[in-house]
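Numbering (our numbering), first residue to last: 3 to 120. All residues carry an ideal CB built from backbone N, CA and C; glycine is no exception. Here's the structure we're looking at; comments come further down.
Structure (structure tokens):
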């Protein structure tokens with residue numbers, strides 16, 4: 003299940019609901035806290051990433067998209083993370099560690115991408 007998420011702005015991204023410290027469930031997806039839910043995921047599947055966080059995704063075509071990370075889980079083989087993220091217009095993304103640059107705070111690139119995607 004993947005749902006359309008809440009929009010965010012430069013001023014309110016840090017207050018977007020998200021999932022912390024546990025795997026997402028279907029209710030989290032319905033209530034805009036998560037992008038995906040995986041049945042049977044245990045606490046050990048949760049990645050140590052404090053959400054929400056600004057990030058830049060690099061898509062297959064090379065485009066870079068500013069998003070906020072709403073959830074993070076280990077990949078099935080534990081070689082990296084799988085992130086649930088949303089762009090400022092509410093479009094959901096599922097991305098891997100290789101596709102995602104997590105930021106501690108908004109950067110000029112992140113902010114510029116937001117301004118261009120309005």
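- Residue 82 sits close to residue 99, with the two beta carbons spaced by under 8 Å.
- Listed in chain order, the beta strand (DSSP E) runs fully inside the stretch 48 to 113 are 55 to 60, 66 to 76, 83 to 89, 94 to 98 and 102 to 104, counting runs of at least 3 residues.
- Rounded to the nearest whole angstrom, the CA to CA distance from residue 62 to residue 44 is 30 Å.
- Nearest Cα to residue 112 within the set 58, 95, 65 and 72: 58.
- Non-local beta-carbon contacts of residue 26 in its own chain, meaning distances under 6 Å to residues more than five positions away in sequence, involve 36, 39 and 73 in chain order.
- With a contact defined as Cβ atoms closer than 8 Å, residue 104 and residue 88 miss out at about 14 Å.
- Bounds of the alpha helix (DSSP H) holding residue 29 are 28 to 32.
- A Cβ-Cβ separation of about 6 Å places residue 18 in contact with residue 8 under the 8 Å criterion.
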